[in-house]
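Participant: Quick one: this structure, given as structure tokens, is what I'll be asking you about.
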Amino acid sequence: GVGHEVSVKMVGHLHKEPYPGLETYYSINNINGKFINVSAKFSNTYIKEEVGFNVEKEFLTPSTKWGGRIKGNRLTRANQIVDSDPVKLEETPLNLLLLDAWAGRSFQINPGKFSNSQITFAGRIAHQYFYERPEPDIRNNQYFSNRTFYLAGITWSQRRYIRDQLIYSYGITEDIPEGFKNEIVAGYDANEFGNRLYTHIYLSNGNLLPGHPGYLFLSAAAGGYFNKLTLEQGLARMDVNYISRLFKLKNKRCRFFGRLDYMLGIRRFDVENLLLRDSGHIRGFSSSLPEGKQRLSLNLETVFFQQREIYKFYIALFLFADVGIIGSNKEFIFNEHYYSGLGIGIRLHNESLVLKTIQLRLAFYPYHPENMNFAAFVLEERTKHNFYKFQPSEPEPLRFQ
Numbered sequence: 001g002v003g004h005e006v007s008v009k010m011v012g013h014l015h016k017e018p019y020p021g022l023e024t025y026y027s028i029n030n031i032n033g034k035f036i037n038v039s040a041k042f043s044n045t046y047i048k049e050e051v052g053f054n055v056e057k058e059f060l061t062p063s064t065k066w067g068g069r070i071k072g073n074r075l076t077r078a079n080q081i082v083d084s085d086p087v088k089l090e091e092t093p094l095n096l097l098l099l100d101a102w103a104g105r106s107f108q109i110n111p112g113k114f115s116n117s118q119i120t121f122a123g124r125i126a127h128q129y130f131y132e133r134p135e136p137d138i139r140n141n142q143y144f145s146n147r148t149f150y151l152a153g154i155t156w157s158q159r160r161y162i163r164d165q166l167i168y169s170y171g172i173t174e175d176i177p178e179g180f181k182n183e184i185v186a187g188y189d190a191n192e193f194g195n196r197l198y199t200h201i202y203l204s205n206g207n208l209l210p211g212h213p214g215y216l217f218l219s220a221a222a223g224g225y226f227n228k229l230t231l232e233q234g235l236a237r238m239d240v241n242y243i244s245r246l247f248k249l250k251n252k253r254c255r256f257f258g259r260l261d262y263m264l265g266i267r268r269f270d271v272e273n274l275l276l277r278d279s280g281h282i283r284g285f286s287s288s289l290p291e292g293k294q295r296l297s298l299n300l301e302t303v304f305f306q307q308r309e310i311y312k313f314y315i316a317l318f319l320f321a322d323v324g325i326i327g328s329n330k331e332f333i334f335n336e337h338y339y340s341g342l343g344i345g346i347r348l349h350n351e352s353l354v355l356k357t358i359q360l361r362l363a364f365y366p367y368h369p370e371n372m373n374f375a376a377f378v379l380e381e382r383t384k385h386n387f388y389k390f391q392p393s394e395p396e397p398l399r400f401q
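Using the UniProt record's numbering, read the sequence shown as starting at 1 and increasing by one per residue.
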């Protein structure tokens with residue numbers, strides 16, 4: 001879209017200062033029709049105090065030649081380096097400066113043809129400096145380190161779109177991406193605790209299956225840092241996503257969703273651990289007690305779309321079953337600890353409301369930690385799930401989360 005956006009949010013806590021907190025955000029989108037976005041933000045809440053800016057242009061279409069971003073953030077009283085960082089501190093607040101810039105150039109192969117693909121070259125410099133942090137120790141010193149990270153990447157990608165309905169939205173035509181994204185990234189970590197090399201490879205593909213029984217997305221990645229030829233903070237990952245075609249069960253339109261995710265950490269720092277509550281590995285799983293350096297999760301869901309709307313609300317019923325296995329990276333994954341979640345729910349969708357989709361979910365957890373209940377009922381907003389875009393982006397290290 002084009003235009004200006006202003007957001008103001010009040011955030012409060014009964015026992016932590018500042019009791020009434022404020023988050024503000026201002027952005028200008030698609031400046032002069034060049035798809036350049038500029039934004040600034042300020043927050044002062046019990047969670048953190050932050051000032052930041054961002055100027056970016058994405059590779060929105062296959063014909064986009066240039067992309068890049070410049071951003072800066074100054075954080076105080078923060079419990080994690082960035083919002084998406086998997087490591088959160090319980091006590092020592094972080095006080096740090098983040099500066100980040102990247103740029104890339106894309107070249108089309110066979111432009112104008114159905115098989116058109118792109119080769120993208122990109123480079124990035126990311127700098128972080130801590131004014132306050134936990135005391136460095138032997139196992140975790142480099143995680144909260146002052147560093148400048150130099151990265152370069154080559155991406156081969158292809159994307160095209162097909163249209164369908166009743167996948168993640170209700171009654172709205174959705175664009176389903178087909179194609180692939182394969183990348184190689186290499187970098188140099190100029191680190192106060194010792195310089196390291198970095199590299200990873202990432203492969204992904206998403207297409208309709210022959211005969212159109214469904215949509216299948218596959219991805220795999222492996223990489224890590226090398227300190228004097230010794231691998232550090234390595235990981236391997238595999239992801240499988242399946243969406244069935246829309247089929248009828250009596251008079252109901254139905255769709256089946258399946259996801260399999262596996263991640264293995266290799267010589268990760270002690271503070272780096274995988275959880276089951278992140279990214280919906282087990283829906284509604286709130287405990288952070290099960291943790292480890294290796295995780296396997298399976299998510300199954302069947303959605304029954306109702307044909308009639310009630311007072312402009314589209315209604316869908318769903319059943320789900322989730323299984324998660326987590327534990328040490330020194331054991332075979334199927335010998336580790338098992339957890340699961342089973343449930344039923346209903347989703348109410350109305351495009352005219354600010355909260356477009358409201359979800360009511362009843363879940364049961366047969367194998368649950370001691371700090372969780374056997375059953376849980378949740379009323380929440382369901383944010384729209386987005387397809388993987390196969391879009392070239394900045395070179396960045398693989399995330400262990």
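The C-beta atom is built at its ideal place from N, Cα and C for all residues, glycine as well.
This structure is a prediction, so every number in the text was calculated from the model and none was measured.
1. Helix, strand or coil for G33? Go by DSSP, reduced to three states.
2. Does DSSP classify F305 as helix, strand or coil?
3. If A222 and H200 are in contact, beta carbons under 8 Å, what's the gap, nearest whole angstrom?
4. Under 8 Å, do Y46 and E90 count as touching if we go by C-beta distance?
5. Just verifying my parser: in three-state terms, what is the DSSP assignment at D83?
6. What residues in its chain sit with their C-beta under 6 Å from that of H4, if we drop five residues either side in the sequence?
7. Assign V185 to buried or exposed, taking buried as 16 or more other Cβ atoms, counted over all protein chains shown, within 10 Å of its Cβ.
8. Quick one, are the C-beta atoms of L317 and E301 less than 8 Å apart?
9. Which residue wins for smallest C-alpha separation from G187, given the options K248, S204, G12 and G153?
10. For V82, count neighbouring C-beta atoms within 10 Å of its own C-beta (all shown protein chains included) and say buried if the count is 16 or more, exposed if not.
11. In angstroms with no decimal places, state the Cα-to-Cα distance between T61 and Q165.
12. For G206, which beta-bridge partners are listed by DSSP?
13. In this structure, what does DSSP give as the bridge partners for V240?
14. Any contact between the region 101-108 and the region 131-150? By contact I mean 3 or more CB pairs, one from each, below 8 Å.
15. Taking the straight line between their C-alpha atoms, what separation do you get for P395 and I125?
16. Would you check if the distance between the CB atom of N73 and the CB atom of P93 is smaller than 8 Å?
17. Between the Cα of Y129 and those of F121, S157, D100 and G123, spot the shortest distance and give me the residue it belongs to.
18. Nearest CA to the CA of V240: which residue from F247, E381, G258 and S39?
19. To the nearest angstrom, report how far apart G12 and E50 are at their CA atoms.
20. Output the boundary residues of the beta strand (DSSP E) element that contains Q165.
21. Can you tell me whether P213 is buried or exposed? The criterion is at least 16 other CB atoms within 10 Å of its CB, across all chains shown.
22. Examine the Cβ distances between the region 306-317 and the region 269-282 and report whether three or more of them are shorter than 8 Å.
23. Under the rule that 16 or more other beta-carbon atoms within 10 Å means buried, what is F390, buried or exposed?
24. Looking only at its own chain, which residues have a Cβ that is under 8 Å from the Cβ of I36, when we skip the five neighbours before and after it?
Facilitator: According to the structure data:
1. Walking along the sequence shown from the start, residue 33 turns up at place 33. Three-state result, G33: helix.
2. In the sequence shown, counting from the first residue as 1, residue 305 sits at position 305. In the structure shown, F305 sits in a strand (DSSP, three-state: E or B).
3. Walking along the sequence shown from the start, residue 222 turns up at place 222. Walking along the sequence shown from the start, residue 200 turns up at place 200. Contact flag correct, Cβ pair sits at about 7 Å.
4. As a position in the sequence shown, residue 46 is number 46, starting the count at 1. As a position in the sequence shown, residue 90 is number 90, starting the count at 1. Not in contact: Y46 and E90 (Cβ atoms no closer than 8 Å).
5. Position 83 of the sequence shown, counting from 1, holds the residue named residue 83. In this structure, D83 counts as coil in the three-state DSSP scheme.
6. As a working mapping, residue 4 is identified with position 4 in the sequence shown. For H4, where only same-chain residues beyond five positions count, the Cβ hits under 6 Å are I28.
7. Position 185 of the sequence shown, counted from the first residue, corresponds to residue 185. Burial call: buried.
8. Looking up residue 317 in the sequence shown gives position 317. Looking up residue 301 in the sequence shown gives position 301. No, Cβ-Cβ distance for L317 and E301 is not below 8 Å.
9. Looking up residue 187 in the sequence shown gives position 187. Scanning K248, S204, G12 and G153 for the CA closest to the CA of G187 turns up G153.
10. Position 82 of the sequence shown, counting from 1, holds the residue named residue 82. Exposed: under 16 other Cβ atoms inside 10 Å.
11. Here residue 61 refers to the residue found at position 61 of the sequence shown. Here residue 165 refers to the residue found at position 165 of the sequence shown. Going by C-alpha positions, T61 is about 22 Å away from Q165.
12. Reading the sequence shown from its first residue, position 206 is the one you call residue 206. DSSP lists G179 and F217 as the bridge partner or partners of G206.
13. By 1-based counting over the sequence shown, the position of residue 240 is 240. Checking the DSSP bridge columns, you'll see V240 partnered with L218 and L260.
14. The region 101-108 vs the region 131-150: no contact.
15. Within the sequence shown, the letter at position 395 stands for residue 395. Within the sequence shown, the letter at position 125 stands for residue 125. It is roughly 10 Å from the alpha-carbon of P395 to the alpha-carbon of I125.
16. Taking the first residue of the sequence shown as 1, we reach residue 73 at position 73. Taking the first residue of the sequence shown as 1, we reach residue 93 at position 93. No, the pair does not count as a contact, with Cβ atoms beyond the cut-off.
17. By one-based count along the sequence shown, residue 129 stands at place 129. Nearest of F121, S157, D100 and G123 to Y129, Cα basis: D100.
18. One-based indexing of the sequence shown puts residue 240 at position 240. Of the listed residues, the one whose Cα sits closest to V240 is G258.
19. If you number the sequence shown from 1, residue 12 lands on position 12. If you number the sequence shown from 1, residue 50 lands on position 50. Straight across, the Cα-Cα distance linking G12 with E50 is about 16 Å.
20. Looking up residue 165 in the sequence shown gives position 165. For Q165, there is no enclosing beta strand (DSSP E), since its DSSP letter is neither H nor E.
21. Taking the first residue of the sequence shown as 1, we reach residue 213 at position 213. The residue in question, P213, is exposed, as its Cβ has fewer than 16 Cβ neighbours within 10 Å.
22. Taking 8 Å as the limit for Cβ pairs, the verdict is that the region 269-282 does not touch the region 306-317.
23. Here residue 390 refers to the residue found at position 390 when the sequence shown is read from its first residue. Residue burial annotation: F390 is buried, with at least 16 other C-beta atoms found within 10 angstroms of its C-beta.
24. Taking the first residue of the sequence shown as position 1, residue 36 is located at position 36. Exclusion of the five residues before and after I36 leaves N30, V55, E56 and K57 as the residues of its chain whose Cβ lies within less than 8 Å of its Cβ.
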